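As structure tokens, the structure follows; a few thoughts come after it.
Protein chains in written order, with the numbering used here: chain A, 1 to 424; chain B, 425 to 848.
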């Protein structure tokens, strides 16, 4: 039976989950996968955590050099996070010819080319299912399930924290700040929530997934990114009344015009499969030219779900001969050859405060008409002295909406309070 | 670049789809997968179909021996269907050391052990993603996405024909016969619909998927199977009024009690992810001990979706070194060691005609009470002379329900018209 020695770097949520699965399922993997996998080393400075996980003290390595030099270690699991130590240690492991399994989306999004170059040079494996959408096997699916397709679009809810917040706001009508504090209390949001609520986490993941789906280098810096910090309970409620649910969506499209990647809040129709993805659940909805629409749904975070992805990669590497690398030109400048679309098409939800006078609506309609924006739905409700007007448009260009909004705000008749994209 | 020669046996819906994808994406696969794949031979007696697909006449082989002997052929795609010629040709290909990619669920369900033995002996690959749920990569996911888990349950809508029929009946209140005829006219059902509507197709697929998920031989003959031919529009409507949707479900569970596999119509709550899987779409919802709940959703049939799965397998075999075989004892008698659960637990929907007399309800309730069956919901509507009573129970044992139904039917107070299972 093949013997696999594993070292885990970092015993946080994911590293701890991977340790538990590997330890508890040792016999199960012998029977079902015919591999004898042992965690032979961990690297973790927090001795309380080591004890909490029941890890024998003698497994704790004193430094990375010890792990890199250990011939009994075939796989190094990187769950440190960040891009300093994590990068250095992952490279050290690859240089030593060891397979690296990483759950670190930021590291992958920023240094994939560097890690891959090292992996190729030293015939090491590089796996990162756990970096995207927890235990949902979306990376494996893109590599080995729908690789027979030209993927034309991908749309996902790929951040659990923001989906938890938006779901709560939608179901309970609560405000952003209040729900964020609750999420922090429950451990669904970090004390510094920016990586999640500003959409960085989703942008890192989208850059990885879009690169795999489109066989094209898609740097995270090219992702048009807006977070959820300005989302109001009022707009969520008004959208809900029109049959929409607000989600932080990661959207990627590829066409002759180029590659389009963006992360922002967007309304989806309540009968769309993504609308019912609630709480900390995640989902990716993709379209391939042969397979049509495919959706993968599951838990996007957590110790065991993400640990499941880590262990799945270890098993894959152990049972499938040679390592595969990315299917596109993966070097620092490769994206210079790619055209990125910034003036994308979308439908829009706009909330306006308008003066309650005769003829105002026709003037507003004229502004939209001049930009060739046609209106799908309209809802006017009276407010003190003024009126609130909610408009949902048909699909148009981002630039056209921006220009119409500018025009309206410059006029005396209306003030655009909110602009949100709508998936049509 | 690696050169792969493919022969396609049978140019029906799936074989034709695979041919189209391989031909149209030849350059795309060179670029993205670094493999040069050509269809070098087809086996098809229908020359009209060969012409329709634009296949050069010189590619048509005169017999299987020619294909088996051709050193330029690495992969044989079996899309013949049935288990006579398909079995013979697949074995011939495996004996000749060629990788077999099959879309044939019946062949796999009945002769997997035989095919696998031949594959192992001759170091050939055996792949069958296309045999289950069209283009949805459920086989790959079970093998290489959630293999880090003990899968405890799986529940799927894995037959498009029956899902189309039940969706239509639910949405339009139409009767079974009427919708079946329409499905036949549209090509969603065969002229002899038994394989689909009697649940054989789903049972074959469930046997394959449960074997993979549980690492245990699950023969299709062990699948408790009921079709949809007796389903009435009346029950669908009454269930709908209670918030349920009727689906043909394939259910597999593994616990200490053993393996439980069944295919039958069942009500699911309308907010369950499977309830909104409509028309010809399919989905599989599985639970793993680490990953939790995961769902895969997509088109379960059609030339390009299923062709996508065939081509995905060809690419996988071409780009991943050694072949893997099943993870369990896969021989004809292996299931003798497995315990199969027949007295499973479920909730139930019952429709009864009852005589409209004082005290009848209490007598009926007493029958359920004696069997320890507790009632979740009850709806009584008056009919001419009698009344219709719909009862939804809490979870209980199949045997308890059968015994209660027998008792009621033997009495003079009620006649049980329908018994349907409910996913609780």
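Beta carbons are placed, not taken as given, at the ideal position from N, Cα and C, and that holds for glycine.
Only a predicted model underlies this, so the values are computations on that prediction, with no experimental measurement involved.
query, result
"Tell me, please, whether the region 121–134 of chain A touches the region 702–712 of chain B by the rule of three or more beta-carbon pairs shorter than 8 Å.", "no"
"For residue 638/B, which of helix, strand or coil comes out of DSSP?", "helix"
"Mind reading off the beta-carbon distance from residue 103/A to residue 306/A? Whole number of angstroms is fine, and I expect it under 8 Å.", "6 Å"
"Between residue 33/A and chain B, is any beta-carbon pair separated by less than 8 Å?", "yes"
"For chain A, is any of its Cβ atoms less than 8 Å away from the one on residue 569/B?", "yes"
"How is the alpha helix (DSSP H) around residue 789/B delimited, first residue to last?", "784–794"
"Among 775/B, 459/B, 497/B, which residue has its Cα nearest to the Cα of residue 844/B?", "775/B"
"Check whether the Cβ of residue 299/A lies closer than 8 Å to any Cβ atom in chain B.", "yes"
"In its own chain, which residues sit with a C-beta less than 7 Å from the C-beta of residue 488/B, not counting the 5 before and 5 after it?", "467, 513, 516"
"Count the other CB atoms within 10 Å of the CB of residue 755/B; is the residue buried (16 or more) or exposed (fewer)?", "exposed"
"Could you check if residue 508/B is buried or exposed, using at least 16 other CB atoms within 10 Å of its CB as the buried criterion?", "exposed"
"Are there 16 or more other CB atoms within 10 angstroms of the CB of residue 458/B, so buried, or fewer, so exposed?", "exposed"
"Just to confirm my understanding: we take residue 681/B, look at its own chain, exclude 5 residues before and 5 after, and list those with CB closer than 8 Å. What are they?", "763, 765"
"Can you pull the chain B neighbours of residue 123/A, defined as C-beta to C-beta under 7 Å?", "Within 7 Å Cβ-Cβ: nothing; residue 123/A doesn't reach chain B, min ~13 Å."
"For residue 430/B, go through chain A and note every residue whose CB falls closer than 9 Å to its CB, in chain order.", "Chain A residues near residue 430/B: none, gap ~13 Å exceeds 9 Å."
"Exposed or buried, what is residue 727/B when buried is set at 16 or more other beta-carbons lying within 10 Å of its beta-carbon?", "buried"
"Just to confirm before moving on: does the CB-CB distance between residue 429/A and residue 206/A stay below 8 Å?", "Chain A is shown from 1 up to 424; residue 429/A falls before or after that span and cannot be answered."
"Quick one: list the residues of chain A neighbouring residue 624/B, beta-carbon separation under 8 Å, in chain order.", "The contacting residues do not exist; residue 624/B stays about 25 Å from chain A at best."
"Should residue 327/A be labelled buried (16 or more other beta-carbon atoms within 10 Å of its own) or exposed?", "buried"
"Hey, residue 143/A and residue 115/A are a contact pair by Cβ (cut 8 Å); roughly how many whole angstroms apart?", "Not a contact, Cβ separation roughly 16 Å."
"For residue 233/A, which residues in the same chain have their Cβ closer than 7 Å to its Cβ, ignoring the five residues on either side in sequence?", "169, 173, 174, 175"
"For residue 799/B, collect the residues of the same chain with a Cβ closer than 8 Å to its Cβ; drop the 5 residues on either side in sequence, then sort them by chain order.", "789, 792, 815, 816, 817, 818"
"Short check: CB of residue 266/A to CB of residue 416/A, under 8 Å?", "no"
"Within 8 Å (strictly less), CB to CB, does residue 740/B reach chain A?", "yes"
"So if DSSP puts residue 754/B in a beta bridge, which residue, or which two residues, is it bridged to?", "None, per the DSSP bridge assignment."
"Under a Cβ-count criterion, where at least 16 other Cβ atoms within 10 Å of its own Cβ denotes burial, should residue 640/B be classed as buried or exposed?", "buried"
"Residue 610/B: buried (16+ other C-beta within 10 angstroms of its C-beta) or exposed?", "exposed"
"Taking the alpha-carbon of residue 584/B as reference, which of 574/B, 617/B, 535/B has the nearest alpha-carbon?", "617/B"
"Please confirm if residue 295/A has its CB atom under 8 Å from at least one CB of chain B.", "yes"
"With hydrogens ignored, establish whether the beta-carbon of residue 363/A is closer than 7 Å to any heavy atom of the ligand ADP.", "You won't find the ligand ADP in this model; it holds no ligand whatsoever."
"Under 8 Å by Cβ, that's how I've got residue 39/A and residue 67/A pegged, so tell me the actual separation to the nearest angstrom.", "Their Cβ separation, rounded to whole angstroms, is 12 Å, which puts residue 39/A and residue 67/A out of contact at 8 Å."
"Pick from 57/A, 323/A, 274/A: whose alpha carbon is nearest that of residue 155/A?", "274/A"
"I think residue 501/B touches residue 711/B, with their Cβ atoms under 8 Å apart; what is that distance to the nearest whole Å?", "33 Å between Cβ atoms; not a contact."
"So which of 737/B, 714/B, 498/B has the shortest CA-CA distance to residue 521/B?", "498/B"
"With DSSP collapsed to three states, give me the class of residue 325/A.", "coil"
"Does any residue of chain A have a CB that is nearer than 8 Å to the CB of residue 544/B?", "no"
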